[in-house]
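Peer 1: Going by this note's numbering, the first residue of the sequence shown is number 672, and it counts up by one from there. C-beta atoms are modelled at their ideal positions from N, C-alpha and C, and glycine is treated no differently.
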Amino acid sequence: MVALFVSEAQSDGDRWLPCAASAHNGARHSGTGCSPNELMMDRRLRTPNELLPMSGVTQVGVFADYHRTLVRKMAAATEAAKKALSKDQARRAR
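1) Counting only the same chain and skipping the five closest in sequence on each side, list residues whose C-beta sits under 7 Å from that of residue 748.
2) Measuring alpha carbon to alpha carbon, tell me which of 685, 716 and 764 ends up nearest residue 699.
3) What's the call for residue 703, buried or exposed, on a 16-neighbour Cβ count within 10 Å?
4) Have a look at residue 753 and residue 684 and give me their C-alpha separation to the nearest angstrom.
5) Quick check: the Cα distance between residue 688 and residue 745, rounded to an integer number of angstroms?
6) The alpha helix (DSSP H) with residue 685 in it runs from where to where?
7) Near residue 721, which residues of its chain fall below 7 Å by C-beta distance, leaving aside the five closest residues on each side in sequence?
8) When the Cα atoms are used, what is the spatial distance from residue 758 to residue 764?
9) By DSSP, does residue 716 sit in helix, in strand, or in coil?
Rendered as structure tokens:
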């Protein structure tokens, strides 16, 4: 992916690595149906324009509740990914 952006002299590859990593981590995998970032952090990557300040601030709530919810959602995402991988393996075996 980096080769698409690097100059002909191939001297600026390190400049484009963060962009390539962001694109890779934000792309959905055909086997799991989730991006690597969704599986690891239970959320999708935000694009730079989504990082601009918003007009309001949202509260996460009590940290313990947030943590319990996050752990539960991550476990559910892991199970969904395992099922999707099994289904993908069965499809590829045919």
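Peer 2: Inspection of the coordinates gives the following:
1) Along the sequence shown, read from residue 1 onward, the residue named residue 748 stands at position 77. Excluding residues within five positions, the ones whose Cβ falls inside 7 Å are 705, 709, 710 and 713.
2) For the purposes of this step, residue 699 is taken as the residue at position 28 of the sequence shown. The shortest C-alpha separation from residue 699 is found at 716.
3) Numbered from 1 along the sequence shown, position 32 holds the residue referred to as residue 703. Under this definition residue 703 is a buried residue.
4) By one-based count along the sequence shown, residue 753 stands at place 82. By one-based count along the sequence shown, residue 684 stands at place 13. Rounded to the nearest angstrom, the two C-alpha atoms are 34 Å apart.
5) One-based indexing of the sequence shown puts residue 688 at position 17. One-based indexing of the sequence shown puts residue 745 at position 74. Cα to Cα, the separation comes out at about 27 Å.
6) Residue 685 sits at position 14 when you count from the first residue of the sequence shown. Taken as a continuous stretch (DSSP letters only), the alpha helix (DSSP H) holding residue 685 covers 684–697.
7) Working through the sequence shown from its first residue, we reach residue 721 at position 50. Within the same chain, residue 721 has no close Cβ partners at all.
8) For the purposes of this step, residue 758 is identified with residue 87 of the sequence shown, where counting begins at 1. For the purposes of this step, residue 764 is identified with residue 93 of the sequence shown, where counting begins at 1. C-alpha separation (whole angstroms): 10 Å.
9) Your numbering for residue 716 matches position 45 in the sequence shown. Three-state result, residue 716: coil.
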